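This report concerns only the one structure given below.
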Amino acid sequence: MDGLTGGIPPLVDQHSHGAVHGDVGLGEFETRLAEAAGATGPAPPGTTFFDSRAGLAVRRWCPPLLGLEPHCAPVRYLARRRELGAYRAGRLLLRGAGIGTFLLESSASGGLTSPAELARAADGRAHEVVRLETLAARVADTAGGADLFLAHVAEALYAASGTATAFASGVASCDDAPPPAAEVRAAAGRWLRARRPGETPGDPVLGRYLLWCAAATGLPVQLHCADPRRLTGFLRAMAGRGVDLVLLPDPWHRRQAARLAAVFPHVYADVGARPEETLGEAPFGKLLFSTGARGLAELYVVAARLFVRAMERLMGDWVADGWCRAAEAGRIASLVAAGTARRIYRLDAATG
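If you count by the UniProt record's numbering, then the sequence shown holds residues 1 to 352, one letter each, in order.
In structure tokens:
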């Protein structure tokens, strides 16, 4: 491996959603590939979503894991996938991805593997990250009113903190103080009266309330926010409270997230599969890898391959230019690939 002494260890994927259980036809495969490519709507006339960087990456790295040559035709690849069966194909893909540990976000959507199922298929370890909005929706399905809802949310958060590895929040912005109790109760009442069963809260007051409550448990909190700068007040307010915060922004805001991680000792930032965009913006021990994969086992393979190749190329350049020695390059790569995640999520102390 260019520039790396000892290579990159098995990756820790700090954020994903799991893989589908059953066989995937061409239509569903294309739909999920389109999501990974960031596209909406149908492919342009005369093309498919295999005509994208994500599609090319799938064709480059996934066929060999299923016994085919790289870049085989999509129809041949999907036929081989069906021939092997969903479970065996998924197992071969996940075990070939190079990921040793998965942090899987709980979700209200069905049809995806649980942490235990993903761990068995990948022959690795998987840990649950509890999404706050999903937890609130489960509580609301049985709560009788605002007061009961808020009391049961507090109980559910406390119970989840005993088994989960982290919480995750999707708030778009958050202030430097929790919302007033009267505002929270009014927002909960409005939402409960209008919601449908299973519906997650979209009210920003409830989102901020859930975030502040989760932070009080002491577990790490993942912050999924398009532009992390809108969370600066909250990041500042959390200083010295003993909770680690991990920013998972939209791809075009990863540099800003890394800069915030550099400013605040308790803040970390996701690099996705593109470490070259952020390693110059923050100390290396503040950055973490993730796939963000949802649905297709292939997306785990693609993100892991892209990350490892990018890291090897970057570290090779740094060694060649005299920025560091090969041993130091290996240590840097190991931090981003796995070491920092193992530390802040306390994975070495976790079981399962």
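All residues carry an ideal CB built from backbone N, CA and C; glycine is no exception.
Note that the coordinates shown come from a computational prediction; the quantities given were computed from them, not determined experimentally.
Hey, would you say residue i sits closer than 8 angstroms to residue j, going by beta carbons?
i	j	result
residue 133	residue 200	yes
residue 65	residue 80	no
residue 275	residue 238	no
residue 157	residue 214	yes
residue 125	residue 116	no
residue 4	residue 280	no
residue 137	residue 198	yes
residue 370	residue 337	For the chain, the structure presents residues 1 to 352; residue 370 sits outside this window and is missing.
residue 248	residue 222	yes
residue 304	residue 99	yes
residue 82	residue 72	no
residue 217	residue 173	no
Let me make sure I understand the geometry here. Which of the options has the alpha-carbon closest to that of residue i?
i	options	result
residue 256	244, 235, 227 and 322	227
residue 220	15, 10 and 9	15
residue 20	111, 159, 331 and 181	111
residue 259	251, 209 and 229	229
residue 224	170, 136 and 307	170
residue 346	103, 146, 98 and 70	103
residue 127	113, 140 and 135	113
Quick check on residue i: does DSSP put it in helix, strand or coil?
i	result
residue 290	coil
residue 295	strand
residue 352	A caution first: residue 352 carries a pLDDT of 42, below 50, which makes its placement in the model unreliable, though a value can still be read off. Coil, per DSSP.
residue 328	helix
residue 99	strand
residue 65	helix
residue 1	The predicted model places residue 1 with a pLDDT of 47, which falls under 50 and marks its position as unreliable; any figure quoted below should be read in that light. DSSP places residue 1 in coil when its eight states are reduced to three.
residue 347	coil
residue 248	coil
Within the same chain, show all residues whose beta-carbon is closer than 6 angstroms to that of residue i, passing over the 5 residues directly before and after it, in chain order.
i	result
residue 285	335 and 340
residue 34	49
residue 105	17, 129, 131 and 168
residue 178	212
residue 233	175 and 176
residue 301	61, 62, 93 and 97
Less than 7 angstroms between C-beta atoms, sequence neighbours within five positions excluded: which residues of the same chain meet that for residue i?
i	result
residue 88	none
residue 283	262
Once you ignore the five residues that flank residue i on each side, which residues in its own chain have a CB closer than 8 angstroms to its CB?
i	result
residue 40	34
residue 145	189 and 192
Query - contact_flag[the region 294-311, the region 38-46] where n(CB pairs < 8 angstroms) is 3 or more - result: no
Query raised in the report: Does the region 159-173 come close enough to the region 190-197 that 3 or more CB-CB pairs lie under 8 angstroms?
Result: no
Requested in this report: Tell me, please, whether the region 322-329 touches the region 265-280 by the rule of three or more beta-carbon pairs shorter than 8 angstroms.
Outcome: no
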